[in-house]
Amino acid sequence: MKKSQIMPEDLNQYRWISQPVISANGQVAYVEQTIDQVKNEYNTQIRGISLDGTEDVAMTNGTKDSSPAWSPDGGTLTFLRSTEAGKGLWCLPAGEAEAVMLISPERKIISYIWSPDGSYIAFTSKIQSDPAGHRAQSKDDEAMNGSNAALFAAPTSELRGKVYERTTPKAEGAGWWDGQYTHLFVYEISSGQITQITSGYWSVSMPIWSPDSLKLAFISKQTQEEHVDPDLLYHSDVYIVSMNERKEAEPYQVTDSSLQISQFSFTPDGSQLILIASDRQYGSGSHNQLFTVPVQRGGPRLMAPELDMHIGNAALSDMKSASASPSPVISQSFPQQGVYVLGTHHGNVDVYRVHTDGRCEAVTPAGEKDVYQYTVSADEKKLVIAALTDSHPSELYIVELENGQMFRLTRRNDEFMSKRQVNVPQRIEFSSSDGWLIQGWLAIPDSRSVSKLPLVLQIHGGPHAMYTGTYSHEMQTLLAAGYAVLWVNPRGSIGYGQGFARACRGDFAGGDYRDLMEAVDYALASYNELDELRLGVAGGSYGGVMTNWIIAHCHRFKAAVTQRCISNWLSMYGTSDIGISYVEGVIGGNLAEHAAYLWSRSPLAHAHQIETPLLIMHGEQDYRTPIAQAEELYTTLKRYGKTTKLIRYPGSNHSLLKSGKPSLRVDSFEQVKAWFDTYL
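In this text, residue positions in the sequence shown follow the UniProt record's numbering: the first is 1, and each later residue adds one.
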């Protein structure tokens with residue numbers, strides 16, 4: 001049977017697999033995300049599969065179910081179910097067909113975790129700690145409002161202006177701050193009683209129980225100094241609260257405010273914490289590393305100081321459903337055995353075992369893959385991973401930890417993929433003109449009908465992120481349309497050592513620009529089927545600003561697409577939710593002292609030099625790179641009579657390509673194809 005090419009609308013056929021968890025008796029639960037074309041939205045359902053793969057069945061009948069977790073004895077599955085009111089916690093006892101609600105969706109649960117003894121469930125939820133709706137009342141506020149408490153508490157959008165005093169009152173994906181803080185609660189299984197554990201004008205995240213179920217730890221960013229702005233703090237800390245005292249307990253700070261902590265776990269004896277954290281020495285370009293810290297307070301210690309690898313998953317992809325990165329999984333025989341973590345290295349993300357003496361080995365076999373979640377069986381003999389490969393969308397795989405063999409567990413995408421032609425990329429690498437190793441991938445259409453092919457250079461965002469050679473719908477739709485596609489990891493990318501990751505900081509459009517141009521030169525010199533006169537360039541976020549810069553400084557590209565881009569570092573500084581840290585850290589300047597420099601590195605300052613037809617695409621609710629960045633560039637290009645088009649995507653944020661409305665994602669792929677078809 002002849003296979004069909006992958007088309008933009010095929011996005012609707014994928015099944016995104018995530019959040020695997022293994023029960024004590026060896027049952028795997030996971031989340032499957034699909035697209036409902038009629039409602040133009042995503043559905044999620046909990047499925048269960050045995051470790052031998054013989055039975056793969058739906059466990060829940062909802063369409064917005066996620067975050068599965070097993071009770072410690074493996075007898076009950078809990079999960080979150082989203083409704084219009086919020087997320088509630090449900091449970092499905094073994095042998096039962098219908099789930100039962102434990103905690104109402106009005107609680108708006110964000111995350112939860114079972115206590116090891118099975119007696120409690122800790123969860124986080126947003127609450128209105130702020131009576132004003134947008135900030136704490138000062139004494140002046142109280143005097144001003146007096147007896148008008150009802151007016152003061154009324155919806156601010158109707159009766160008064162929205163007041164903000166914090167430096168960053170908005171966040172990408174969350175919108176403008178609503179005055180709520182995330183706090184910690186505990187649900188008692190036997191009685192159904194809910195107790196609030198934390199309160200205050202700060203938030204908590206990632207609750208973790210101690211092995212004896214007597215303590216709860218969490219991450220929070222707090223300051224006791226009045227002159228310190230919490231929004232300008234880039235560290236976070238772990239706090240612990242005793243469950244013996246419950247309501248009266250006061251959390252105590254364990255870490256020393258020197259790290260930005262991403263995830264953590266208790267050691268099996270409960271005496272230490274293992275942290276995945278960054279020291280922020282190079283800002284957002286700093287590697288995550290493994291640290292140990294005593295529970296009774298103390299300075300963090302690097303677990304593997306010689307390991308020059310980012311701990312965690314820094315890979316970008318349009319084929320992973322949004323979900324949290326896993327905490328480190330610590331062997332029950334720790335410290336004799338090590339800690340299981342994800343590691344980003346040379347274009348792949350694998351599971352690694354890191355030992356206290358600094359040794360580190362991959363436990364997933366070699367090959368192009370992006371492992372984004374994993375779970376370890378109770379006997380530590382099997383690893384279940386959610387991963388992408390170079391020829392297949394997301395599935396679950398089993399890795400035998402004793403011999404490293406890997407087998408496919410789920411086959412949820414097999415039926416669709418068996419009917420489609422997949423173009424598998426080839427890995428390339430070369431030395432840059434100043435000696436850096438540059439890696440990337442080149443994919444050439446298998447069904448090409450011409451001797452010379454147009455080539456599209458794709459540039460990733462970040463810059464502190466990484467491309468892999470794994471399956472991408474975005475790349476495959478271009479390949480199906482007859483374009484060769486080149487994507488590389490220029491300096492600044494994660495995955496090639498700390499020196500490489502920080503090499504672009506303060507040097508925007510310097511070495512990173514040269515790496516990209518040299519990658520195109522390398523591809524053209526190495527592959528005779530590429531047409532040097534028909535080159536296109538495209539990118540999003542950092543890749544978008546680099547696309548803008550490239551076409552303002554060279555004319556070798558005949559068509560360009562810039563998505564969720566930046567054009568003006570001066571306006572980016574004050575309008576982005578990360579404007580201050582990004583512009584000062586990555587670009588290297590602030591408005592007061594370096595305005596001329598920032599303008600000189602802004603593509604907008606050079607937009608009059610652009611000759612390449614440019615398609616500009618942007619989400620209207622993008623708070624990371626606000627849509628004004630696209631509008632400034634578009635207006636300037638139109639003023640100078642350049643060939644350009646602006647497409648605005650309503651209700652869409654910075655993650656449009658990965659998790660936006662399905663119809664808008666399909667449209668974006670179609671628009672890119674049409675633009676290159678017209679000008680290449």
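Note that the Cβ used here is the ideal one computed from N, Cα and C, for glycine as well.
Cut-off 8 angstroms between Cβ atoms - residues of its own chain near residue i, not counting five sequence neighbours on either side
i, result
"Arg135", "Note that Arg135 scores 35 on pLDDT, short of 50, meaning its location in the model is unreliable; the coordinates nonetheless yield the value given after this. Closer than 8 angstroms at the Cβ level, and outside the excluded window around Arg135, lie Val163, Tyr164, Glu165, Arg166 and Gly179."
"Pro230", "Arg166, Trp202, Lys221, Gln222 and Thr223"
"Asp73", "Ala24 and Gly118"
"Pro300", "Thr255, Asp256, Ser258, Leu259, Leu275, Ala277, Phe291, Thr292 and Val293"
Cβ neighbours of residue i in the same chain (closer than 7 angstroms, five flanking residues each side left out)
i, result
"Asn548", "Thr562, Cys565, Ser567, Pro603 and Leu633"
"Tyr252", "Tyr239 and Ile240"
"Glu584", "Asn590"
"Pro268", "Pro211, Ile330, Gln332 and Phe334"
"Leu664", "Tyr649, Ser652 and Leu656"
"Leu570", "Leu591, Ala595, Leu598, Trp599 and Ser602"
"Asp667", "none"
"Leu495", "The amino acid occupying residue 495 in the given sequence is Gly; Leu does not appear at that position. Cβ neighbours of Gly495 beyond the five flanking positions: His310, Ala314, Thr344, His345, His346, Gly347, Met466 and Asn489."
"Ala58", "Gln45 and Arg47"
Inter-residue CB distance, residue i and residue j (contact presumed, cutoff 8 angstroms)
i, j, result
"Gly536", "Ala559", "5 angstroms"
"Ser652", "Glu620", "6 angstroms"
"Lys221", "Ser236", "5 angstroms"
"Ala29", "Leu77", "6 angstroms"
"Thr612", "Phe557", "5 angstroms"
"Thr410", "Asp52", "Incorrect: roughly 12 angstroms between the Cβ atoms, too far for contact."
"Gly358", "Val349", "Incorrect: roughly 21 angstroms between the Cβ atoms, too far for contact."
"Ala552", "Gln458", "The Cβ separation is near 19 angstroms, so there is no contact."
"Leu442", "Ala484", "7 angstroms"
Residues near residue i in its chain [Cβ-Cβ closer than 6 angstroms; skip 5 each side]
i, result
"Leu615", "Val561, Lys645 and Trp675"
"Ile627", "His618 and Glu620"
"Glu474", "Asp318"
"Asp117", "Ser213"
"Ser66", "Val31, Thr44 and Leu80"
"Pro393", "Tyr14, Met319, Asn413 and Tyr471"
"Asp141", "At Asp141, the pLDDT of 36 sits below 50, so the modelled position is not reliable; the number obtained from the coordinates is stated separately. If we look at Asp141 and ignore the five residues flanking it on each side, it has no Cβ neighbours."
"Gly462", "Tyr542"
"Leu516", "Pro490"
Residue i, buried or exposed, once every other Cβ within 10 Å from all chains shown has been counted against 16
i, result
"Tyr640", "exposed"
"Glu106", "exposed"
"Tyr372", "buried"
"Thr60", "buried"
"Ala171", "exposed"
"Pro365", "exposed"
"Ala501", "buried"
"Ile6", "buried"
"Pro207", "buried"
"Ala480", "buried"
"Gln128", "exposed"
"Val363", "buried"
"Gly506", "exposed"
"Tyr201", "exposed"
"Pro20", "buried"
"Met546", "buried"
"Asp370", "buried"
"Glu518", "buried"
"Ala69", "buried"
"Phe407", "exposed"
"Ser18", "buried"
"Leu159", "exposed"
"Arg297", "exposed"
"Ser576", "buried"
"Asp677", "exposed"
"Asp512", "buried"
"Thr124", "buried"
"Ser199", "exposed"
Residue i beta carbon near the ligand PLP (any heavy atom closer than 7 angstroms)
i, result
"Ser331", "The ligand PLP is not among the ligands present in this structure, which contains no ligands whatsoever."
Length-filtered (3 minimum) beta strand (DSSP E) runs lying within the stretch 325-405: 339-345, 348-354, 360-362, 369-376, 382-389 and 395-400
Enumerated in chain order, which unbroken segments of the beta strand (DSSP E) with a length of 3 residues or greater are wholly contained in the stretch 62-107? 65-70, 76-83, 86-93 and 100-103
Should the stretch 490-510 be regarded as contacting the stretch 527-536, the criterion being three or more beta carbon pairs within less than 8 angstroms? no
What beta strand (DSSP E) runs, 3 residues minimum, are completely inside the UniProt domain "Dipeptidylpeptidase IV N-terminal" (181-278)? 181-188, 194-196, 204-209, 215-220, 237-242, 260-266 and 272-278
Can you list, in chain order, the stretches of the beta strand (DSSP E) that have 3 or more residues and sit fully within the stretch 473-548? 484-489 and 530-540
Are the stretch 464-480 and the stretch 379-396 in contact at 8 angstroms, needing three or more beta carbon pairs? yes
Quick one: any contact between the stretch 290-300 and the stretch 263-281, if contact means 3 or more CB pairs under 8 angstroms? yes
When the Cβ atoms of the stretch 94-101 are set against those of the stretch 182-202, are three or more pairs found closer than 8 angstroms? no
If we count Cβ pairs, one from each stretch, closer than 8 angstroms, do we get three or more for the stretch 440-456 versus the stretch 398-412? no
Could you tell me whether the stretch 408-425 touches the stretch 459-467, where touching means 3 or more Cβ pairs closer than 8 angstroms? no
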